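Asker: There's a structure below that I have some questions on.
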Amino acid sequence: MAALVIAEHDNHVLKGATLNTIAAATQCSSEVDVLVAGSGVDAVAQAASQIPGVRKVIQIDVPYLADQLAEPLAAQILSIAKNYTHLLAPATANGKNVMPRVAAKLDVAQFSDITKVVSEDTFERPIYAGNAIATVQSSDPIKVITVRTTGFDPVALTGGSADIEKMTAQADGGKSSFVGRELNQSDRPELTSARIIVSGGRGLGSSEKYQELIAPLADKLGAALGASRAAVDAGYVPNDYQVGQTGKIVAPDLYIAVGISGAIQHLAGMKDSKVIVAINKDPDAPIFSVADYGLVADLFTAVPELTKAIS
8 MAALVIAEHD NHVLKGATLN TIAAATQCSS EVDVLVAGSG VDAVAQAASQ IPGVRKVIQI
68 DVPYLADQLA EPLAAQILSI AKNYTHLLAP ATANGKNVMP RVAAKLDVAQ FSDITKVVSE
128 DTFERPIYAG NAIATVQSSD PIKVITVRTT GFDPVALTGG SADIEKMTAQ ADGGKSSFVG
188 RELNQSDRPE LTSARIIVSG GRGLGSSEKY QELIAPLADK LGAALGASRA AVDAGYVPND
248 YQVGQTGKIV APDLYIAVGI SGAIQHLAGM KDSKVIVAIN KDPDAPIFSV ADYGLVADLF
308 TAVPELTKAI S
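Written as C-alpha cells, this is what we have:
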C-alpha cells in the first residue's frame, strides 16, 4: 500500500501546499512517493527528494507539461496510478482541476477537501461551509483525494534523501492547449502561504479606502492582502484577494478582518487562523463569534491609529 502525492510547483519552486499534502499522505500510508511533472523541473524534483518521509520522487519532464494543463497531467498520473492505493493533491485550483478527471477515468469516487485522515479508507471533510464535518468511507481500490492544506501541518523541507526516478512521459493527446495567463505581480507574500493576512470588507466603502487603510497596515506587518467576497464583488480589489468558501482557504498565524461582517462563506475560509482580530462598528457582527480579539469601533479611525502605533 503506497500513496502518491502530485506536487504543486511553478517549474522552479515547490509550493508549500505540497508539504501539507505530504503530511496527509503519510497518515494514509507509510510509503509516500511524489510526482513532479512539468518542464525543466530538476530543481523541484531535487527539493522534493529532500522532504522527510518521501520514498521516491518520480520526475516527468516534457515541454507540454509546463503549464500543468489538466488533460496531459491527468494522463501522467493515470499511467502510474495502478501502483498506488492513494492519489493525493492539494485542494488548490490545480488540484481541483486535475483530480476529478483522474477519479472519473479510474471510475472511483473522489474525497474532496479532506481535513483529517481517520484511517486508510476513512476521511473527514467539511460540509455546509464548514458548519458540519462529514466522515466518508470508501472501498474503492484507489482513493483519489484533494487535501485542504489548512487541516494538516506541513512537513519539513529538509532531512530526507529520496531517490529521483525519471520516467518517460505519456504522449500529449492534444485535447487542450495553453492560451495565456494574466497574473497580478506583487512583492507581498502569497495569500495562501502568508503568516499574516489583513483583509478588508464592504465596510470600507470603496477601492480607494481599501488602498488608503488596508495596504499601509499590511505594509507595516509584512502581510498579504485579502478581502471578503462582498468587497471583491463591489470591485474594491481583484478576485484573487478573495478569502472564503468560493475564494481561498487560509490559516495564517494572524488574520485581521477590517469592516468584514463575517458571513458564513467568509468564515469558512479563515476560521482556522491561529489568531483572529476583528474590527467592526457593529457589536453583533458574526465575525466576533470567531475572533480572538474584537474591536468595536469606526474602522476609519481605528485602522489609521493601529497602523501608526505599529513601529
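Residue numbering for the sequence shown follows our numbering, beginning at 8 and increasing consecutively.
For glycine and all other residues, C-beta sits at the position ideal for the given N, C-alpha and C.
Since the model is a prediction, treat every value here as computed from it, not as a measurement.
Across which residues does DSSP place V284 in a beta bridge pair?
Answerer: For the purposes of this step, residue 284 is taken as residue 277 along the sequence shown, with counting starting at 1. For V284, the pairing in a beta bridge is given by DSSP as I263 and Y300.
Asker: Could you check the C-alpha separation between N138 and Q272 for me, to the nearest Å?
Answerer: As a first step, residue 138 must be located in the sequence shown, where it is residue number 131. As a first step, residue 272 must be located in the sequence shown, where it is residue number 265. Looking at the two C-alpha atoms, the distance is approximately 10 Å.
Asker: Would the stretch 108 to 124 count as touching the stretch 211 to 218 if we require 3 or more Cβ pairs under 8 Å?
Answerer: no
Asker: Determine the direct distance from the alpha carbon of K150 to that of T92, and round the result to whole angstroms.
Answerer: Translated into positions along the sequence shown, residue 92 becomes position 85. Translated into positions along the sequence shown, residue 150 becomes position 143. Distance between the alpha carbons of T92 and K150: 6 Å.
Asker: Quick one: which unbroken beta strand (DSSP E) runs of 3-plus residues sit fully inside the stretch 84 to 109? Chain order, please.
Answerer: 93 to 97
Asker: Straight-line CA distance for L232 to I204?
Answerer: By one-based count along the sequence shown, residue 232 stands at place 225. By one-based count along the sequence shown, residue 204 stands at place 197. Approximately 6 Å between the Cα atoms of the pair.
Asker: Is it right to say P79 is buried, meaning 16 or more other beta carbons lie within 10 angstroms of its own, or is it exposed?
Answerer: Within the sequence shown, numbered from 1, the residue matching residue 79 stands at position 72. Answer is buried; the Cβ neighbour count reaches 16.
Asker: Determine, using beta carbons only, whether D299 and I317 come nearer to each other than 7 Å.
Answerer: Here residue 299 corresponds to residue number 292 of the sequence shown, with the count starting at 1. Here residue 317 corresponds to residue number 310 of the sequence shown, with the count starting at 1. No. Outside cutoff.
Asker: Given Q249, which residues of its chain have a CB within under 7 Å of its CB, disregarding the five upstream and five downstream residues?
Answerer: For the purposes of this step, residue 249 is identified with residue 242 of the sequence shown, where counting begins at 1. A234, R236, V239 and K255, listed in sequence order.
Asker: What does the alpha-carbon distance come out to for the pair V257 and R132?
Answerer: Taking the sequence shown and counting its residues from 1, one reaches residue 257 at position 250. Taking the sequence shown and counting its residues from 1, one reaches residue 132 at position 125. Those two C-alpha atoms are separated by around 16 Å.
Asker: Beta-carbon separation of A73 and L21 under 7 Å?
Answerer: Here the question's residue 73 lines up with position 66 in the sequence shown. Here the question's residue 21 lines up with position 14 in the sequence shown. No.
Asker: Quick one: residues in its chain with C-beta nearer than 6 Å to the C-beta of V61, no 5 flanking neighbours on either side, listed in chain order?
Answerer: Along the sequence shown, read from residue 1 onward, the residue named residue 61 stands at position 54. Closer than 6 Å at Cβ, skipping near neighbours: V39, V41, G167 and A169.
Asker: Between the Cα of V265 and the Cα atoms of G242, K281 and F295, which residue gives the shortest distance?
Answerer: Position 258 of the sequence shown, counting from 1, holds the residue named residue 265. If we check each option's Cα against that of V265, F295 comes out closest.
Asker: CB-CB under 8 Å to P293, same chain, minus the five flanking residues each way: which ones, in chain order?
Answerer: For the purposes of this step, residue 293 is taken as residue 286 along the sequence shown, with counting starting at 1. Excluding sequence neighbours, P293 sits near S268, G269, A270, I271 and L274.
Asker: Of all the options S184, D247 and T156, which has the alpha carbon lying nearest to the alpha carbon of S280?
Answerer: Position 273 of the sequence shown, counting from 1, holds the residue named residue 280. When only C-alpha atoms are compared, the closest one is T156.
Asker: Using 7 Å as the threshold, is the C-beta distance between T28 and V43 below it?
Answerer: Along the sequence shown, one-based indexing puts residue 28 at 21. Along the sequence shown, one-based indexing puts residue 43 at 36. No, the Cβ-Cβ distance between T28 and V43 is not below 7 Å.
Asker: Closest to V310 by CA distance: which of A241, S206 and V162 is it?
Answerer: Taking the first residue of the sequence shown as position 1, residue 310 is located at position 303. It is S206.
Asker: Within 10 angstroms of the Cβ of Q144, are there 16 or more other Cβ atoms? Answer buried if so, exposed if not.
Answerer: In the sequence shown, the residue the question calls residue 144 occupies position 137. With fewer than 16 other Cβ atoms within 10 Å, it is exposed.
Asker: Report all residues from its chain with a CB closer than 7 Å to the CB of L76; omit the five preceding and five following residues, and keep chain order.
Answerer: For the purposes of this step, residue 76 is identified with residue 69 of the sequence shown, where counting begins at 1. Only residues of its own chain outside the window of five on either side were considered, and among them S183 and F185 have a CB closer than 7 Å to the CB of L76, listed in chain order.
Asker: Using the Cα positions of V303 and D291, report the straight-line distance between them to the nearest angstrom.
Answerer: Within the sequence shown, residue 303 is the residue found at index 296, counting from 1. Within the sequence shown, residue 291 is the residue found at index 284, counting from 1. C-alpha separation (whole angstroms): 9 Å.
Asker: Considering just the uninterrupted stretch of the beta strand (DSSP E) at K123, what are its terminal residues?
Answerer: On the sequence shown, residue 123 is found 116 positions in, with the first residue counted as 1. Here the beta strand (DSSP E) through K123 covers K123 to S126.
Asker: Compare the beta carbon distance of V64 and N18 with 7 Å and say whether it is the shorter of the two.
Answerer: One-based indexing of the sequence shown puts residue 64 at position 57. One-based indexing of the sequence shown puts residue 18 at position 11. Contact flag unset, no.
Asker: Less than 6 Å between C-beta atoms, sequence neighbours within five positions excluded: which residues of the same chain meet that for A141?
Answerer: In the sequence shown, counting from the first residue as 1, residue 141 sits at position 134. Taken in chain order, the residues that qualify are R132 and I134.
Asker: Given this structure, state the Cα-to-Cα distance separating I328 from I67, to the nearest angstrom.
Answerer: For residue 328 there is no data in the structure shown, the boundaries of the chain being 8 and 318.
Asker: Over what stretch of residues does the beta strand (DSSP E) that includes E38 continue unbroken?
Answerer: Here residue 38 is taken as the residue at index 31 of the sequence shown, counted from 1. Per DSSP, E38 belongs to no beta strand (DSSP E) and is neither H nor E.
Asker: Return yes when the Cβ of A14 is within less than 7 Å of the Cβ of V154, no when it is not.
Answerer: Taking the sequence shown and counting its residues from 1, one reaches residue 154 at position 147. Taking the sequence shown and counting its residues from 1, one reaches residue 14 at position 7. The answer is no: Cβ separation not under 7 Å.
Asker: Out of P259, K227 and G208, point me to the one whose CA is closest to R202's CA.
Answerer: The count along the sequence shown starts at 1 and reaches residue 202 at position 195. Nearest option by C-alpha distance: P259.
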